[in-house]
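Colleague: Quick note on my numbering: the sequence shown kicks off at 422 and runs consecutively.
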Amino acid sequence: MIRTKKDQNNKLLEYLVKEAGCQELSDLPSGFWFPVACFIAGSVKADQYSLREWNEAVRYLTGARVRFFSPQKAQKFLEENKDNFYTEIEVKKL
């Protein structure tokens with residue numbers, strides 16, 4: 422499910438859907454697609470997408486209300502939490 426209109430215009434989320442082979446954006450935060458999306462996010466150049474797109478992608482994928490101050494920090498957060506879909510994601514040192 423697309424949570425906001427901004428999510429519809431997020432090129433990073435669009436890229437993750439395309440590369441993962443999902444049918445819908447709403448598939449990404451699911452148990453199967455979440456680690457795949459995080460892995461793909463870790464494989465792109467962080468500066469290829471805006472900080473806004475990274476922050477929105479992290480919020481969309483994890484549901485965590487976090488804010489990063491660099492694309493690299495957001496990317497690292499996804500990489501480090503790709504296996505934590507079924508557990509509480511610990512947010513520290515953003």
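Glycine included, each C-beta is placed from N, C-alpha and C at the ideal position.
1. Where in the region 434-474 do unbroken runs of the alpha helix (DSSP H), each at least 4 residues long, occur, reported from the N-terminal end onward?
2. Looking at the unbroken alpha helix (DSSP H) that takes in Phe490, where does it start and where does it end?
3. Whole angstroms are fine: how far does the CA of Arg486 sit from the CA of Arg480?
4. Is it true that the CB of Ala462 sits closer than 9 angstroms to the CB of Leu437?
5. With distances taken Cα to Cα, identify the nearest neighbour of Asp504 among Arg473, Phe460 and Ala495.
6. State the CB to CB distance for the pair Leu472 and Pro492, rounded to an integer number of angstroms; the pair is presumed to be in contact (CB under 8 angstroms).
Modeller: Inspection of the coordinates gives the following:
1. 454-463
2. The residue labelled residue 490 in the question sits at position 69 within the sequence shown. Where Phe490 is concerned, there is no enclosing alpha helix (DSSP H), given that its DSSP letter is neither H nor E.
3. By one-based count along the sequence shown, residue 480 stands at place 59. By one-based count along the sequence shown, residue 486 stands at place 65. Distance between the alpha carbons of Arg480 and Arg486: 6 angstroms.
4. By 1-based counting over the sequence shown, the position of residue 437 is 16. By 1-based counting over the sequence shown, the position of residue 462 is 41. For Leu437 and Ala462, yes; Cβs fall inside 9 angstroms.
5. Working through the sequence shown from its first residue, we reach residue 504 at position 83. Comparing Cα positions, the closest option is Phe460.
6. Locating residue 472 in the sequence shown gives position 51, where the first residue counts as 1. Locating residue 492 in the sequence shown gives position 71, where the first residue counts as 1. Confirmed, about 5 angstroms.
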